[in-house]
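See structure below.
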Amino acid sequence: MLDRSEVGKRGYLNEGFRLFHLKDSRAPKLDYHYHEFDKLILLLGGKVTYVVEGVTYFLRPWDVLLVQHNMIHRPVIDPSEPYERVVVWLGREWLADRSDPEEALDACFHTTRERGFHLLRTNPERRLEYMKDIQRLEEALRSQEFAAGRLADTLCQQLLIGVNRDILRSRTAQEERDSYRVDPKIEEILKYIAAHLEEELTVESLSKRFYLSRYYLMHRFKAVSGYTVHQYISQKRLLRAGELIRSGVPVMKAAEQAGFSEYSTFLRAFQNTFHMSPREFR
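Written as structure tokens, this is what we have:
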């Protein structure tokens, strides 16, 4: 589906994929958020930086940013220029259904997550190919001709195949230090949290482990991630629990494996975040 407005509190995707072509003369202000689907952002014009899990990316026209599901992110937009971009939301079931066992279409998202680097910057020839791919996809999504929906589906897969190939052979932006900014200590803490969600995680324990004062950790963590330490850990635990529940793990077991020591605390937080019970979420 082709749309002109990326709407919703965090966005809800009911189709296999959706494409948005957006241009804002005023800079919209967006808070830190996440989605249950994967997302591609192709910058066409304007000045924008994107913060993804504590790493700040300085985008240039025709850069591609890959944001995997459940990754906390936020754009910071310079209002001095119109901000134009193409955004593609990709449903995880749609991706799985169109993937081969050894060649998953969402491999590009897993690769960028493993690298801890989510920006793809290509050469002028590839940018021209991306422009053509997007134009053909937009035309198919607008078309009422025979099998236009099937053609759009195929073209979206073609776009992803190109992204996967470019991700595997390109580290251009990662080698350009002016394309991103990262706080190495906070990045280390974020990785530690992700790997130890089932353990006790507090400001006190993290400050001792990483030899930081409590005040500095709380202040710097909020500045880099957009969340307090407690909020971030709680959010990541809820997202982990949601993943486990969707995979068939019993609700109480999922809460325990995600690091919640009390089921009642988990249940309240889950309902406040997802606005439904864990059983409804499944």
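Under the numbering used here, read the sequence shown as residues 31 to 312, first letter to last.
We put the CB at the ideal spot given by N, CA and C, even for glycine.
Residue from the options with nearest C-alpha to residue i
i      : options                        : result
Asp127 : Phe47, Arg115, Arg156, Ser255  : Phe47
Tyr210 : Gly75, His65, Glu83            : Glu83
Phe304 : Arg270, Ile223, Gln287         : Arg270
Val106 : Leu49, Thr142, Phe147, His63   : His63
Thr184 : Asp68, Pro58, Ile216, Leu135   : Leu135
Gln98  : Tyr42, Ile164, Val259, Trp119  : Trp119
Ile197 : Thr152, Glu66, Asp108, Gly278  : Thr152
Leu49  : Arg166, Gly272, Arg199         : Arg166
Phe311 : Gly272, Glu234, His226, Phe296 : Gly272
Trp92  : Val78, Val85, Ser277, Asn100   : Val78
Phe296 : Gly278, Ser277, Lys266         : Lys266
Cys138 : Leu236, Tyr160, Leu96          : Leu96
Asp213 : Gly146, Glu234, Ala170, Asp130 : Gly146
Residue i - DSSP class collapsed to helix/strand/coil
i      : result
Lys59  : coil
Val37  : Note that Val37 scores a pLDDT of 37, beneath 50, so its modelled location is shaky; the value from the coordinates is reported in the next line. In the structure shown, Val37 sits in coil (DSSP, three-state: anything other than H, G, I, E or B).
Arg104 : strand
Met31  : Confidence at Met31 is low in this model, with a pLDDT of 47, below 50, so its placement is unreliable and the value that follows should be read with caution. In the structure shown, Met31 sits in coil (DSSP, three-state: anything other than H, G, I, E or B).
Leu95  : strand
Gly75  : strand
Leu181 : helix
Glu114 : strand
Ser294 : helix
Phe47  : strand
Tyr222 : helix
Arg325 : Outside the shown range of the chain, which is 31 to 312, sits residue 325, and nothing can be said about it.
Phe176 : coil
Phe88  : strand
Leu227 : coil
Ala288 : coil
Arg309 : helix
Whether residue i touches residue j by CB criterion (8 Å)
i      : j      : result
Ile102 : Ser264 : no
Pro112 : Ser55  : yes
Leu158 : Ala203 : no
Phe240 : Ile219 : yes
Ala285 : Glu228 : no
Ala299 : Leu268 : yes
Leu73  : Gly121 : no
Lys69  : Val117 : yes
Gln301 : Ser294 : no
Arg244 : Ile216 : no
Ser208 : Phe88  : The residue asked about is misnamed: residue 208 is Asp in this sequence, not Ser. In this structure, Phe88 lies closer than 8 Å to Asp208 by Cβ.
His65  : Glu168 : no
Val259 : Leu247 : yes
Val281 : Arg309 : yes
Residue i classed as buried or exposed, judged by whether at least 16 other C-beta atoms fall within 10 angstroms
i      : result
Arg195 : exposed
Pro154 : exposed
Ala253 : exposed
Ala177 : exposed
Arg34  : Low confidence applies to Arg34: its pLDDT is 41, below 50, so where it sits in the model is not reliable, and the reading given next is rough at best. So Arg34 counts as exposed.
Gly76  : buried
Gln232 : As written in the sequence, residue 232 is Thr, which differs from the Gln given in the question. It counts as exposed.
Tyr8   : Outside the modelled stretch of the chain, which goes from 31 to 312, sits residue 8, for which no answer is possible.
Arg142 : Per the sequence presented here, residue 142 reads as Thr, with Arg not at that position. Looking at its Cβ environment, which holds 16 or more other Cβ atoms inside 10 Å, Thr142 is buried.
Arg115 : buried
Leu61  : It is worth fixing the name first, because residue 61 is Asp in this sequence and not Leu. Label assigned to Asp61: exposed.
Ala225 : exposed
Distance cut-off 7 Å: residue i Cβ against heavy atoms of the ligand GDP
i      : result
Ala253 : As presented, the structure is devoid of all ligands, the ligand GDP included, so that no description of it is given.
Can you give, in chain order, each stretch of the beta strand (DSSP E) that sits fully within the stretch 229–285 and has at least 3 residues? The qualifying runs do not exist here; there are none.
Return the chain-ordered ranges of every alpha helix (DSSP H) run that is complete within the stretch 122–165 and spans a minimum of 4 residues. Within the stretch 122–165, the complete alpha helix (DSSP H) runs of at least 4 residues fall at 122–127, 137–145.
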